[in-house]
Every structure is written in C-alpha cells, then in structure tokens.
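Report on one structure; see the data block that follows.
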Amino acid sequence: MSFKKLFSICILASLISCLGYSPTPYFTRLAEEQKCDNPPTQVDLYFEGEPTNFSYTKIGIIEVKGGYTDKDDVVINSMKQEAIKRCCNAIIGIKKMYSTEQMGILFDSKNQEKYQAVVYYGIAVQKK
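Read in order, the letters of the sequence shown are residues -20 to -1, 1 to 108 in mature numbering (1 follows the signal peptide of the UniProt record, and there is no 0).
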C-alpha cells in the first residue's frame, strides 16, 4: 500500500471517529416513500402551539441534535435540509430541548467531555 493511500485512510478514520462536532439528523418515516421529482426550495417552520391552517400529509419525524458548538440556527438549517431531502415543504409542531452528549475521539473514553446539545424535532409534512 502506498504512503498516500495509508495517509488518506488515516485522515478519513480520524475524521469519522470524532464525536459531537456536527449536527446529527435523524428521520423516522411515517408514510411510504414517494418519488420526489421537484424538491422544495423553501421549508416553512411551525413551532409548537402555532396554528397550522392548511391541509398536509405527514411524511416523517425529523430530529436534529446539535454538535458541541452548534447554535440554534445551524441545527434548524440542518433540519430544513433534511426536510428538503425528504421532499417536505413544512415542519410542524417543532420543539426544542437539550440532550447530554459526549464529545471526543471514538474509543478514547478517558478524554471524552460531556456537554448539553441543543435538539430540535418536529413532523415533516407536505402541504397540499
């Protein structure tokens, strides 16, 4: 194996073994997968308690957990990108909470630091 290949593998392994440094989206499908020919360019956000005076189809639940230094806007933008990927043009019932997470290098439990990650979740929908 050449030095360049070995070096590239080491760099890649170190990048993917870092925990807690970027937003992590999770998606739970509530409806059957449909082909998305025209993904939306905009996602409307409706936080818990806001009226949703429109018809919609529930597609799935989106949860995004922020990384160590992520602010609300980064986590919300990641949430929007996940909705676009799923062909959803709105997220309803959005709630904010916090989760205790660990940050550090994978398989190095001695040097992991705990932090409070911001978490947003809501229901991704397609407006009719």
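Cβ atoms here follow ideal geometry from the backbone N, Cα and C, with glycine treated the same way.
- The residues K45, in chain order, have a CB closer than 6 Å to that of T4 in the same chain once the five nearest residues on each side in sequence are set aside.
- When secondary structure is reduced to three states using DSSP, V55 falls in the helix class.
- Rounded to whole angstroms, the gap between the alpha carbons of Q96 and T80 is 5 Å.
- In this structure, the CA atom of D52 is about 13 Å from the CA atom of I74.
- When only Cα atoms are considered, M83 and V54 end up about 18 Å apart.
- At a cut-off of 3 residues, the continuous stretches assigned as beta strand (DSSP E) that sit fully inside the segment 21 to 74 are 24 to 27, 36 to 45.
- If you compare the alpha carbons of Y78, E13, F7, F34 with that of K94, the shortest gap goes to Y78.
- Bridge partners of Q92 according to DSSP: none are assigned.
- The beta carbons of C68 and V99 sit no closer together than 8 Å.
- Non-local C-beta neighbours of S2 in its own chain, meaning closer than 8 Å and more than five positions away in sequence, comprise G47, D50, ordered along the chain.
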